[in-house]
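Below is one structure; the comments refer to it alone.
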Amino acid sequence: MVTSAYDGFPGAVGVSRLSVYDWPTVEGLPGGGTPHLHLACTEGYVVTSGHGTVQTLTTSGYRETPLEPGVVAWFTPGTIHRLVNDGGLEITVVMQNSGLPEAGDAVLTLPPDRLVDEATYADAVRIPADLPEAEQARVARARRDLATRRFLELRAATEAGDPGPLAEFQRAAAALVRPRLDDWERRWREGAEAAARATGGHLDALRERDVRHLAEARVARTGPTATGRFGMCGRLAVYQGI
Numbered sequence: 008m009v010t011s012a013y014d015g016f017p018g019a020v021g022v023s024r025l026s027v028y029d030w031p032t033v034e035g036l037p038g039g040g041t042p043h044l045h046l047a048c049t050e051g052y053v054v055t056s057g058h059g060t061v062q063t064l065t066t067s068g069y070r071e072t073p074l075e076p077g078v079v080a081w082f083t084p085g086t087i088h089r090l091v092n093d094g095g096l097e098i099t100v101v102m103q104n105s106g107l108p109e110a111g112d113a114v115l116t117l118p119p120d121r122l123v124d125e126a127t128y129a130d131a132v133r134i135p136a137d138l139p140e141a142e143q144a145r146v147a148r149a150r151r152d153l154a155t156r157r158f159l160e161l162r163a164a165t166e167a168g169d170p171g172p173l174a175e176f177q178r179a180a181a182a183l184v185r186p187r188l189d190d191w192e193r194r195w196r197e198g199a200e201a202a203a204r205a206t207g208g209h210l211d212a213l214r215e216r217d218v219r220h221l222a223e224a225r226v227a228r229t230g231p232t233a234t235g236r237f238g239m240c241g242r243l244a245v246y247q248g249i
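In this note's numbering, each residue's number is its place in the sequence shown (first place is 1) plus 7.
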């Protein structure tokens, strides 16, 4: 029996380390990230230090989940989420589908006029890599504050019983990512789907007393390929290939 091969990170998930922004927010919280949602991926947090919350908004309503060392929290596609840093909040982020959220499966809660098409949205979220670090920080903070103001409006409307603004944002976000779906499907097939097929092949082989795949075992190691990058929710350490 020939089993399907997959030698990527377990489950084809993406991993990054996140130090949540400590810049005070527009409504006076001590620090926090940029509200956004994912359209195809579940995202998880493993809290490694500090304290804070993740604020979430769905069609079911608004919620706050406390975060402290040892907590593992996750949320499914369509959950608008925003990290609040009450002090030293650091997280290992686990992203479904080979880190697809870092490949575009994320839409910030920007005002409607920034969501009209791909080019307009790209201009609104871009942090030019050739800028000095202080200027990158200024752009990241302005982007976060713009998205936060819209998030607060969506939250207020939802809590007041008006689902329209949130539904409008969801439709706009889906339209923005539609041109990327072919690339996303390729990533999924080469990652998460391939990993699942490999497990199925291993189970079939073991049932038939075929252990050839055990002779192909190997060990892999990697480290961060970029550190201190200005992400949506904080400074990121990212890993190539996971």
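For every residue, glycine included, the Cβ atom is placed at its ideal position computed from N, Cα and C.
- Taking 9 Å as the cut-off, the Cβ atoms of L115 and R150 count as close.
- Taking one beta carbon from each stretch, the stretch 22-38 and the stretch 235-249 have 3 or more pairs nearer than 8 Å; the two touch.
- Judged by beta-carbon spacing, L107 lies beyond the 9 Å limit of S56, meaning their Cβ atoms are not closer than that value.
- Counting along the chain, Q177 sits inside no beta strand (DSSP E); it lies in the alpha helix (DSSP H) bounded by residues 171-184.
- When C-alpha distances from G235 are compared across R185, G94, A147, the shortest belongs to A147.
- By the beta-carbon neighbour count (other beta carbons within 10 angstroms, threshold 16), V20 is buried.
- Distance check between A222 and each of T229, G230, A212, P231 places A212 closest, using alpha-carbon atoms only.
- Every alpha helix (DSSP H) of 4 residues or more that sits fully in the stretch 100-184 is shown, in chain order, as 103-106, 125-132, 140-166, 171-184.
- In the DSSP secondary-structure assignment, H220 is not bridged to any residue.
- Here P172 has E160, L161, A164, T165 as same chain residues with Cβ atoms under 8 Å from its own Cβ, once five neighbours each way along the sequence are excluded.
- With a 10 Å radius around the Cβ and a threshold of 16 neighbouring Cβ atoms, E140 comes out exposed.
- In the pairwise beta carbon analysis, the stretch 70-86 is classified as touching the stretch 44-55: at least three pairs are separated by under 8 Å.
- Your pair G39 and R89 checks out as a contact, with CB atoms roughly 6 Å apart and the cut at 8 Å.
- Nearest C-alpha to G94 among A233, G85, H58, D189: H58.
- Check the Cα spacing between A174 and each of G208, R214, A227, L64: the tightest is with L64.
- Counting along the chain, the unbroken alpha helix (DSSP H) around W195 starts and ends at 188-195.
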